[in-house]
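Have a look at the structure below before the remarks.
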Ligand code: IMP
């Protein structure tokens, strides 16, 4: 693998990127998160202990590795500190292994309340967001009125900016959403007191990462959510508000695109989606609940049931192109072990009866297309005791090979269970 690498979700998020990053992190010195916020949820199981990370890059769980939060991430200081306290309590020492970009935009309390009100106002057209204030924070960033982590370095200026923006927000909120609680002085002071704990971690991440590369250190760029939730390339408007695709790694950290290295896409062996929006291969009938139970498909961040579907090669082919994926990590293959037959979607049939292998741009085409399936035999035996790819049952190997053939990429990792060790490596 080249010196640096980007790990990107190839579906609608929740592909198991945390586990893949955790597994690859062994070969890298630094893990840098490039977008999103506490809407993400990475579950990593180490030594029987389950860790849920929302903002912190999973690399923080490996002693000696540096974890970086890039400028493309939106940070809620209160949830960051809660997460830090929780992992330190579990015996993971953070010390100077964490660096946060001083250019990160901050999630303020009104971002959450405004989001909740806006979602409610959308009614049936709601996006089904995680309610963490992500969208409104990126809106303020693009609107050039956001507050950034570096503003915390001067509490007086921060306080002033906060009061100014809160006055504006409160005016708007009272006009649009009568139920929204205005942001008062006391809340601003509480927020400032907590947020100032972030200051010692702040650095110029672009300068830090580029200097580290000069010293021969290897960086793993970690994306949150997935390609089909990307603001530009996803199933708009049912997307998140950031650049989840691999290109976001460059703008989200200040490392030039020529330095990013290989791109590793992560996909489940089937598909899931949380929240609203088109999902062509969503399973109809009892197999949906069966996959959910077997895969424990409940949101890490919100606890919501994930919608479950069969593997969608149209969507994956699109993700391979948009991200320039070199290798694919295939997670949760073990979840399919109980099925006698496994449908795999290879084309979509559109409303006019034509068939396509291309992921459509228009929301209505995505909503109304019918997946065309090829059915593969299942292997119907557990995979948890396997230690090498060569031990995979023939049908499981066939499933993996079909993916490789149709996408034109190698499958480099295969996930066969929750534990850190339950990963079969195919490519060194
Ligand atoms: P937001 O990111 O909270 O604005 O939510 C926008 C959409 O992205 C919703 O459909 C969420 O369910 C989805 N989403 C956000 N973060 C994740 C994630 O980490 N995994 C899966 N879906 C997510």
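Numbering (the numbering used here), first residue to last: 735 to 1162. We treat Cβ as the ideally placed atom computed from N, Cα and C, and that holds for glycine.
Tell me the DSSP secondary structure of residue 1148 in three-state form. Strand, per DSSP.
In the DSSP assignment, the alpha helix (DSSP H) including residue 843 goes from what residue to what residue? 843–856
By the three-class DSSP mapping on this structure, what secondary structure does residue 1043 have? Strand, per DSSP.
Expressed to the nearest angstrom, what Euclidean distance is found between the alpha-carbon atoms of residue 1143 and residue 806? 28 Å
Can we say the stretch 1144–1151 touches the stretch 1109–1126, given the rule of at least three CB pairs closer than 8 Å? yes
Do the stretch 958–970 and the stretch 934–946 touch if we need at least three Cβ pairs shorter than 8 Å? no
Segment limits, alpha helix (DSSP H) that includes residue 892: Run containing residue 892: 889–910, per the alpha helix (DSSP H) assignment.
Less than 7 Å between C-beta atoms, sequence neighbours within five positions excluded: which residues of the same chain meet that for residue 752? 776, 777, 778, 787 and 792
Taking buried to mean at least 16 other C-beta atoms within 10 Å of its own C-beta, is residue 1012 buried or exposed? buried
Given that a residue counts as buried once 16 or more other Cβ atoms are within 10 Å of its Cβ, and exposed if not, what is residue 796? buried
Do the stretch 987–1007 and the stretch 1034–1053 make contact, defined as three or more Cβ pairs closer than 8 Å? yes
Specify the secondary structure class of residue 868 as computed by DSSP and reduced to three states. helix
Between which two residues does the alpha helix (DSSP H) harbouring residue 811 extend? It spans 811–823 - the alpha helix (DSSP H) in which residue 811 sits, taken as one unbroken run.
Drop a sphere of 10 angstroms on the beta-carbon of residue 1086, count the other beta-carbons inside from all chains shown, and report buried for 16 or more, exposed for fewer. Residue 1086 counts as exposed, since fewer than 16 other beta carbons sit within 10 angstroms of its beta carbon.
Regarding residue 868 and the ligand IMP, is the C-beta to nearest heavy atom distance less than 7 Å? yes
Could you work out which residue in 1127, 1131, 1100 and 983 is closest to residue 741 when comparing CA atoms only? 983
C-alpha gap between residue 836 and residue 941, whole angstroms: 11 Å
Bridge-paired residues (DSSP) for residue 1032: 1039
Residues bridged to residue 785 [DSSP beta-bridge criterion]: 778
Tell me whether residue 1008 counts as near the ligand IMP, meaning its Cβ is closer than 7 Å to at least one heavy atom of that ligand. Yes; taking the cut-off as 7 Å, the Cβ of residue 1008 has a heavy atom of the ligand IMP nearer than that.
When you compare each of 781, 845, 1078 and 966 to residue 1005 by their alpha carbons, which one comes out closest? 1078
Own chain partners of residue 1090 with C-beta closer than 7 Å, once the 5 adjacent residues on each side are dropped: 1081, 1082 and 1084
How would you write the range of the beta strand (DSSP E) that residue 800 sits in, first residue to last? 800–803
Residues in the same chain with beta-carbon distance under 8 Å from residue 928, minus the five sequence neighbours each way, listed in chain order, please. 811, 812 and 815
Cβ separation of residue 996 and residue 1061, assumed to be a contact under 8 Å, to the nearest whole Å: 7 Å
Nearest-angstrom Cα separation, counted from residue 1040 out to residue 903: 33 Å
Quick one: residues in its chain with C-beta nearer than 8 Å to the C-beta of residue 1027, no 5 flanking neighbours on either side, listed in chain order? none
Hey, would you say residue 834 sits closer than 8 Å to residue 883, going by beta carbons? yes
Cα-Cα separation between residue 1071 and residue 878, rounded to whole angstroms: For residue 1071 and residue 878, the distance between alpha carbons rounds to 50 Å.
For residue 1036, which option in 758, 738, 773 and 749 has the closest C-alpha, if you only look at C-alpha atoms? 773
Where residue 696 and residue 744 are concerned, what is the direct C-alpha to C-alpha distance, given to the nearest angstrom? Outside the displayed span of the chain (735 to 1162) sits residue 696, for which this structure offers no information.
By DSSP, does residue 1130 sit in helix, in strand, or in coil? helix
Regarding residue 1013 and the ligand IMP, is the C-beta to nearest heavy atom distance less than 7 Å? no
Cβ-based burial, residue 905 [other Cβ within 10 Å; buried from 16]: exposed
Within 10 angstroms of its Cβ, does residue 1019 collect 16 or more other Cβ (buried), or is it exposed? exposed
For the beta strand (DSSP E) containing residue 955, name the first residue and the last one. 953–956
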